[in-house]
Amino acid sequence: MARRTSDSLSPDAPSSGEAGVGVLDPAGQGPRHVAIIMDGNGRWATMRGRPRLFGHHAGARRVREIVEACPDLGVKYLTIFAFSTENWRRTQVEVAGLMSLFRRYITGEARQLRDEGVRVRFIGDRVRLDDKLVALMDELELMTAGNDRVHLTIALNYGGRDEVARATKRLAQDVALGRLDPADVDEETLPKYLDTYVLPDPDLVIRTSGEARISNFLLWQSAYAEYEFVDTLWPDFSRAEFAKLLHGYGARDRRFGGVKL
Ligand code: IPE
Ligand code: IPE
Ligand code: MG
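Its first residue numbered 14, the sequence shown is counted upward by one per residue in our numbering.
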């Protein structure tokens with residue numbers, strides 16, 4: 014996704030097409046867009062008497078298996094929470110280690126992701142990230158821009174409230190510039206300013222590690238998502254467990270506020 018600037022509604026933003034279609038799941042089978050809160054790396058490492066960063070490295074290695082499983086399982090969009098706007102509260106050692114891990118991950122995985130048809134996008138505020146990391150993110154987005162097999166979105170320095178605040182700022186700028194009439198603002202308008210503007214809404218949100226909270230992830234987009242909270246710590250999350258959760262999703266009755274006749 015191109016870096017958003019104050020010119021807000023970019024020419025490639027969909028007016029009504031792609032965005033939001035994920036909630037419909039017309040085939041009535043598996044989820045088209047799955048979002049994952051990859052939690053429990055720290056506990057996984059602590060249980061082994063190792064530093065937390067050891068768990069983050071193990072967690073990063075898990076991502077490949079889950080991304081590779083997506084095409085077979087019918088998942089077109091996978092969005093993963095890698096670092097939240099609140100994660101800066103951790104020790105300087107952990108934050109620096111994570112930032113270095115993100116750089117290493119991008120450098121190490123880029124070619125494989127491109128060759129496997131994965132289109133990578135990043136969401137979150139890039140302003141606080143270091144220039145080297147942002148350059149790698151831009152490069153990976155560019156080099157996978159022609160892919161369409163799986164759409165992998167990595168949330169990095171992402172917070173749902175921060176995203177809505179940034180979106181509102183750009184929306185307000187458009188009003189101030191006379192490009193948007195406040196009378197036309199409705200619930201279709203704001204999502205066009207969100208970082209996820211080209212993505213459908215998630216159908217299923219999974220969180221590992223036993224915590225049953227969403228920790229500021231995709232607040233607007235998950236209004237009608239189904240949720241699965243599993244006890245498995247992220248570094249132990251397997252393709253088999255992923256497949257089982259997707260299967261369970263198929264049995265759910267999604268009514269979107271209506272009544273099934
Ligand atoms: C999730 O694992 C990864 C990030 C938040 C970066 P944690 O680091 O939160 O692991 P726990 O929750 O402390 O076990
Ligand atoms: C959420 O996990 C963020 C990521 C997985 C990147 P946290 O571990 O940061 O969330 P809390 O602190 O338990 O709510
Ligand atoms: Mg955690």
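Cβ atoms here follow ideal geometry from the backbone N, Cα and C, with glycine treated the same way.
In this structure, the beta-carbon distance from Phe135 to Met150 falls below 7 Å. By a beta-carbon distance limit of 8 Å, Pro44 does not contact Leu232. Their separation comes to about 19 Å. C-alpha of Ala236 to C-alpha of Thr221: approximately 20 Å in a straight line. DSSP places Ile227 outside both helix and strand once states are collapsed to three, so it counts as coil. Under the three-pair Cβ rule at 8 Å, the segment 54–68 counts as touching the segment 101–115. For Asp52, the distance from the CB to the nearest heavy atom of ligand 3 is below 6 Å. Assignment of beta-bridge partners to Glu239 by DSSP yields Leu217. Nearest to Glu78 by C-alpha distance, out of Leu190, Asp128 and Phe250, is Phe250. Ranking Asp244, Lys182 and Gly191 by CA distance to the CA of Leu203 puts Lys182 first. Residue burial annotation: Ala168 is buried, with at least 16 other C-beta atoms found within 10 angstroms of its C-beta. Asp216 is the residue among Ile227, Asp216, Glu224 and Asp244 whose C-alpha sits nearest the C-alpha of Arg268. Between Val133 and Leu153, the gap from beta carbon to beta carbon is short of 7 Å. The three-state secondary structure of Val147, taken from DSSP, is helix. Annotated three-state conformation of Val177 is helix, per DSSP. DSSP assignment within the segment 62–113 yields the following whole beta strand (DSSP E) runs of 3 residues or more, N-terminal first: 90–97. Here Asp244 has Gly223 as same chain residues with Cβ atoms under 6 Å from its own Cβ, once five neighbours each way along the sequence are excluded.
Just so you know, the alpha carbons of Pro195 and Met60 end up roughly 53 Å apart. Judged by their CB atoms, His70 and Pro213 are not nearer to each other than the 7 Å cut-off. Using a 10 angstroms sphere on the CB of Asp208, the tally of other CB atoms reaches 16 or more, which defines it as buried.
CA-to-CA, the gap between Gln186 and Val177 works out to about 14 Å. Taking non-hydrogen atoms of ligand 2 into account, the C-beta of Phe115 is found less than 6 Å away from none of them. The beta-carbon distance between Ala82 and Ala264, rounded to whole angstroms, is 20 Å. This is too long to meet the 8 Å contact definition. Closest option to Gln42, judged by alpha-carbon separation, among Asp266, Gly270 and Gly173: Asp266. Only exposed fits Arg124, as fewer than 16 other CB atoms lie within 10 angstroms of its CB.
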